[in-house]
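Letter by letter, the sequence shown follows residues 10 to 337 of this note's numbering. Virtual Cβ for every residue (Gly too), placed ideally from N, Cα, C. Just so you know, these numbers come straight off a predicted model, no measurement behind them.
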Amino acid sequence: MFEHEYFDVYDIDNIPLGEESYLIDECFINEYEKAMVESFTTEEYTSVGYVSWIIPEESTGNTIELIWFPSPFHRFHQVNVSLPKDQIIKCVGCSAYSERPHFFVKSSWLQHLFLRQYSIFCLIDAIGVKKALNEGKLIRTNLIELRDAIDKIAEKYDKVSFISFADSLLLKSNWTVGSFRDEVSYSYEPEQFLDVVKDIRKSYKDILGLDIYAIVTQGSNEYYQDALLHVSETKNHISLNSLGIPFAQLMEINDFVSTAIKTEVHKPSELYIEEQFLHSLHFKAVFRKPYTEKYPYRNKMTGSKRYYFCIGWEQLLENLKPNSDNNK
Numbered sequence: 010m011f012e013h014e015y016f017d018v019y020d021i022d023n024i025p026l027g028e029e030s031y032l033i034d035e036c037f038i039n040e041y042e043k044a045m046v047e048s049f050t051t052e053e054y055t056s057v058g059y060v061s062w063i064i065p066e067e068s069t070g071n072t073i074e075l076i077w078f079p080s081p082f083h084r085f086h087q088v089n090v091s092l093p094k095d096q097i098i099k100c101v102g103c104s105a106y107s108e109r110p111h112f113f114v115k116s117s118w119l120q121h122l123f124l125r126q127y128s129i130f131c132l133i134d135a136i137g138v139k140k141a142l143n144e145g146k147l148i149r150t151n152l153i154e155l156r157d158a159i160d161k162i163a164e165k166y167d168k169v170s171f172i173s174f175a176d177s178l179l180l181k182s183n184w185t186v187g188s189f190r191d192e193v194s195y196s197y198e199p200e201q202f203l204d205v206v207k208d209i210r211k212s213y214k215d216i217l218g219l220d221i222y223a224i225v226t227q228g229s230n231e232y233y234q235d236a237l238l239h240v241s242e243t244k245n246h247i248s249l250n251s252l253g254i255p256f257a258q259l260m261e262i263n264d265f266v267s268t269a270i271k272t273e274v275h276k277p278s279e280l281y282i283e284e285q286f287l288h289s290l291h292f293k294a295v296f297r298k299p300y301t302e303k304y305p306y307r308n309k310m311t312g313s314k315r316y317y318f319c320i321g322w323e324q325l326l327e328n329l330k331p332n333s334d335n336n337k
């Protein structure tokens with residue numbers, strides 16, 4: 010298979026990294042080879058199968074770490090994905106015909122990639138709590154009022170889970186990629202998730218007189234078939250059902266932000282947004298400033314260097330496209 014001299018067949022441990030490539034179902038492998046061979050003589054190529062855009066970033070012992078673009082025509086949306094090497098049937102390209110590397114993968118793995126659930130996470134912290142406590146401004150009646158307000162917000166956004174602890178909130182919502190062959194659809198709507206944070210921000214300000222900051226991430230979650238929350242039958246164990254890169258990023262960014270503020274690398278901000286989440290938002294074409302206010306952090310799960318962006322609420326909201334445009 011793929012014995013023609015024009016084919017570039019890559020060894021599994023020597024695949025091209027950092028290069029735009031494609032994921033494609035193994036069921037198209039014979040048809041693709043036939044179409045390419047015919048194009049070598051006729052100079053005409055008939056498109057075969059359905060591809061997903063990827064960029065392989067790193068080859069580890071058993072996996073290829075990818076950046077996957079699940080819906081490239083809807084928004085600039087990236088997701089980190091681990092592709093087990095035993096799920097790869099063949100990696101082949103054709104540089105002579107400017108044909109990008111194609112990763113032919115097992116059908117079951119690719120179907121799972123499109124149909125599983127992914128998550129958005131957000132950590133919200135109140136600002137100035139210690140001072141407010143010392144001044145006796147955080148009384149029980151106000152705290153109960155805030156809790157009731159968050160209950161109402163949770164009722165309004167029933168696809169988001171809310172976990173309160175101390176002066177913090179942890180939010181989570183799930184989304185899917187889907188495919189035209191299944192009933193599951195692309196449900197990633199980060200702008201609507203920001204509406205949740207905006208409502209919470211208003212409640213903290215109106216009731217406690219405190220501002221908040223928020224950290225937001227998105228991506229693959231290993232609890233991909235589970236509900237937003239798990240509550241034990243005895244009601245004394247709550248699990249956020251969160252394990253994966255985006256939840257780890259949430260904690261890592263929080264640590265990096267704390268250090269950066271103490272060492273005066275940057276000033277406190279209202280929002281700290283992980284780069285993949287920020288790039289996935291629908292911005293007006295003239296919006297540029299936040300892209301210069303980025304700071305590096307180290308993703309411990311992948312070992313790679315990533316960035317978070319500091320941005321103010323007003324700046325963000327002024328530059329997002331209207332909701333009607335976001336839904337297109």
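Residue environment: GLN234 is assigned as exposed (fewer than 16 neighbouring CB atoms within 10 Å of its CB, all protein chains considered). The Cβ neighbour count for GLU42, taken over all protein chains shown within 10 Å, is at least 16; the residue is labelled buried. The C-beta separation of VAL169 from VAL193 comes to about 19 Å, leaving the pair out of contact by the 8 Å criterion. For ILE129 against PHE202, the beta-carbon gap comes to about 5 Å, under 8 Å, which counts as contact. Cα atoms of PHE171 and LEU237: separation of roughly 9 Å, rounded to the nearest angstrom.
Note on the segment 136-200: whole alpha helix (DSSP H) runs with a minimum of 4 residues are 138-143 and 149-165, in chain order.
Between the alpha carbons of PRO110 and TRP322 lies a gap of roughly 41 Å. DSSP places VAL90 inside the beta strand (DSSP E), whose first and last residues are 88-93.
The segment 148-165 and the segment 221-229 do not touch, with fewer than three beta-carbon pairs separated by less than 8 Å. In the DSSP secondary-structure assignment, LYS314 is bridged to ARG307. Contact check for LEU26 against PRO79 fails: the beta carbons are separated by 8 Å or more. The DSSP-derived three-state label of GLN234 is coil.
When the alpha-carbon of GLU279 is set against those of GLY253, LYS214, ASN89 and GLN258, the nearest one is in LYS214.
Under DSSP, GLN227 shares a beta bridge with ILE129. Closest by C-alpha distance to SER196, out of HIS86, THR55, VAL60 and SER56, is HIS86.
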